[in-house]
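Data block below; observations after.
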Amino acid sequence: MPSLLASMVSLPAATKTASENPHVLAKLHDHSHKSNVVSRNISFSGLGFFNSQHKPLREIRILGSSNHNEALVDSTAPISDVPLLSCLEAIERLKTSRETQKGKQQFLAMYSSIFGGITTDPAAMVIPIDDHMIHRGHGVFDTAAIMDGYLYELDQHLDRILRSASMAKIELPYDRERIRRILIQTVSASKCRKGSLRYWLSPGPGDFQLSPSGCHQPALYAVVIQDQSPFDSKGIKVITSSVPIKPPQFATVKSVNYLPNVLSRMEAEENGAYAAIWLDGEGLVAEGPNMNVAFVTKDKELLMPNFDNILSGCTAKRVLTLANELVREGKLQGVQVRNVTVDEGKKSNEMMLIGSGVLVRPVIQWDEQVIGDGKEGPVALILLSLIIEDMKSGPPTVRVPVPY
Ligand SMILES: Cc1ncc(COP(=O)(O)O)c(C=O)c1O
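Mapped onto the numbering used here, the consecutive letters of the sequence shown carry residue numbers 644 to 1047.
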């Protein structure tokens, strides 16, 4: 039989790669049904088929399959030098990798419903690759700060993750009370007294299909991260995000689909800013990529965009309550949650970012516009100290003790 591949090199169209060339692919398909292996010493330079050392491939195996992703494999040249590892060897390497890549953050404990327990070994803090959350982004998450051995606003965050799970049509692996107990026990096992707890709900492992119907059992994961860094009150600059905001159906769910949020944050960093602010479909002020925004108006009112189309921030809601104290003291004239225009925001006396990560962070510049007098606003600084005080000595509704 004449060599199909040898004849292919003389084709004028052969300067394209096979995937670009439907004619070549069609012939490969035809051929693969008849014979699985073609051995020839042929140069594929004209086709652009090289191995990593740019040597011409000598023996080409055509893997017979009805699949369109036909693979060409050189069986004589080593594909790569990746070792095949036993389970124990893989775990050893995971440990080494963790030790050599120690970052600023330390992971003190992880719960996984997959192994049904808590581990304090970072090498074992892994999630199955077939979890629907990994390859389809079908998962929800939330956090809670750990301060002086207490979980801050655990119940508020727990309510939100259950709401997110319901909106993402993710069933719960356990009831609310059991999830709550597991989260507290994970923090207890970690011995962490200052840091954060992050947790995820997903349909769990199953198959790689789009539908979660092949996922057998919903999963819960939680990790405790130590964080001893002090809170920062230095004024920061923000820009308006050019990355589109998520539509309300998705922006109101705290799902693991944070690609727009990540790109928005990167855009800010590329422009020497701390965060990029999203405007909604009508051009009104919405939120930051992982925080809410608030203003102090010319009339000395605390003003926050309403939460209809954005994530309902637990910290922002708490700030609204704590701000009433400032109203009583006459430091604020009132508190309002309503639509906020960009013009109103940029002309405000103060602007601030609010969230579990930043707590309350004064903004001193938005795009080219200096906010207020260009210094950290006094209301933002007071609200920051009120939140920290609340974390340290607030009422039992916001502080859950961890039994270590
Ligand atoms: C998109 C978005 N908005 C707002 C917030 C602030 O929410 P919270 O105060 O509950 O952390 C977050 C924080 O996770 C967020 O991701």
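All C-beta atoms, glycine included, are put in the ideal place defined by N, C-alpha and C. Keep in mind it's a predicted model, so treat the numbers as computed, not measured.
Tell me, please, whether the region 1012 to 1024 touches the region 889 to 904 by the rule of three or more beta-carbon pairs shorter than 8 Å.
No, because fewer than three Cβ pairs between the region 1012 to 1024 and the region 889 to 904 fall closer than 8 Å, the two stretches do not touch.
Using alpha carbons as the reference points, say which of V886, T883, E742, P846 lies closest to S756.
If you number the sequence shown from 1, residue 756 lands on position 113. It is P846.
Would you kindly work out how many angstroms separate the C-alpha atoms of P726 and V983, rounded to a whole number?
Taking the first residue of the sequence shown as 1, we reach residue 726 at position 83. Taking the first residue of the sequence shown as 1, we reach residue 983 at position 340. Looking at the two C-alpha atoms, the distance is approximately 57 Å.
Just the Cα atoms here: how many angstroms apart are K990 and A937?
Along the sequence shown, read from residue 1 onward, the residue named residue 990 stands at position 347. Along the sequence shown, read from residue 1 onward, the residue named residue 937 stands at position 294. So the two alpha carbons sit approximately 13 Å from each other.
Do V866 and F750 have their C-beta atoms within less than 7 Å of each other?
Residue 866 sits at position 223 when you count from the first residue of the sequence shown. Residue 750 sits at position 107 when you count from the first residue of the sequence shown. Yes, the pair counts as a contact, with Cβ atoms nearer than the cut-off.
Can the beta-carbon of L863 be found closer than 7 Å to that of L844?
Along the sequence shown, one-based indexing puts residue 863 at 220. Along the sequence shown, one-based indexing puts residue 844 at 201. Yes, the pair counts as a contact, with Cβ atoms nearer than the cut-off.
Terminal residues of the alpha helix (DSSP H) in which E944 lies
Residue mapping note: residue 944 aligns to position 301 of the sequence shown, counting from 1. No alpha helix (DSSP H) contains E944, which is instead part of the beta strand (DSSP E) from 944 to 947.
Compare the Cα-Cα distances from P1021 to each of L963, S872, N992 and report the closest residue.
Within the sequence shown, residue 1021 is the residue found at index 378, counting from 1. Nearest to P1021 by C-alpha distance, out of L963, S872, N992, is N992.
Closest to L963 by C-alpha separation, out of E925, N952, G988, L1002, would be which residue?
As a working mapping, residue 963 is identified with position 320 in the sequence shown. When only C-alpha atoms are compared, the closest one is L1002.
Nearest-angstrom Cα separation, counted from H781 out to P1038
Within the sequence shown, the letter at position 395 stands for residue 1038. Within the sequence shown, the letter at position 138 stands for residue 781. If I take the Cα positions, the gap works out to 35 Å.
Inter-residue Cα distance where the pair is L954 and L826
The residue you call residue 954 lines up with position 311 of the sequence shown. The residue you call residue 826 lines up with position 183 of the sequence shown. If I take the Cα positions, the gap works out to 22 Å.
If contact is defined by three or more beta carbon pairs under 8 Å, each pair taking one atom from either stretch, is the region 803 to 816 in contact with the region 769 to 783?
Cβ pair count under 8 Å is three or more, so yes.
Where F784 sits in the DSSP three-state scheme
The residue labelled residue 784 in the question sits at position 141 within the sequence shown. DSSP places F784 in strand when its eight states are reduced to three.
Given 8 Å as the limit, is there contact between the region 901 to 916 and the region 855 to 862, that is, 3 or more CB pairs closer than that?
At 8 Å Cβ cutoff, the stretches do not touch.
Would you mind giving the Cβ-Cβ distance between R908 and P932, rounded to the nearest angstrom? I have them listed as a contact below 8 Å.
Counted from its first residue, the sequence shown places residue 908 at position 265. Counted from its first residue, the sequence shown places residue 932 at position 289. In this structure, R908 and P932 form a Cβ contact; the two beta carbons are roughly 5 Å apart against a cut-off of 8 Å.
What's the gap between the Cα of A1023 and the Cα of S872?
Position 380 of the sequence shown, counted from the first residue, corresponds to residue 1023. Position 229 of the sequence shown, counted from the first residue, corresponds to residue 872. Just so you know, the alpha carbons of A1023 and S872 end up roughly 20 Å apart.
Looking only at DSSP bridge pairs, what is D774 linked to?
Working through the sequence shown from its first residue, we reach residue 774 at position 131. D774 pairs with P848.
Option nearest D791 by Cα separation, candidates M1034, D850, T958
Taking the sequence shown and counting its residues from 1, one reaches residue 791 at position 148. Closest by alpha carbon: M1034.
Spatial distance of S809 from D1016 (CA atoms):
Counting from one through the sequence shown, the residue named residue 809 turns up at place 166. Counting from one through the sequence shown, the residue named residue 1016 turns up at place 373. For S809 and D1016, the distance between alpha carbons rounds to 44 Å.
Looking at the secondary structure, which residues open and close the alpha helix (DSSP H) in which S872 lies?
Numbered from its first residue, the sequence shown carries residue 872 at position 229. It is not in any alpha helix (DSSP H) - S872 carries neither H nor E in the DSSP assignment.
Using the Cβ count rule (16 or more neighbours within 10 Å means buried), how would you classify T743?
The residue labelled residue 743 in the question sits at position 100 within the sequence shown. Per the 10 Å Cβ criterion, exposed.
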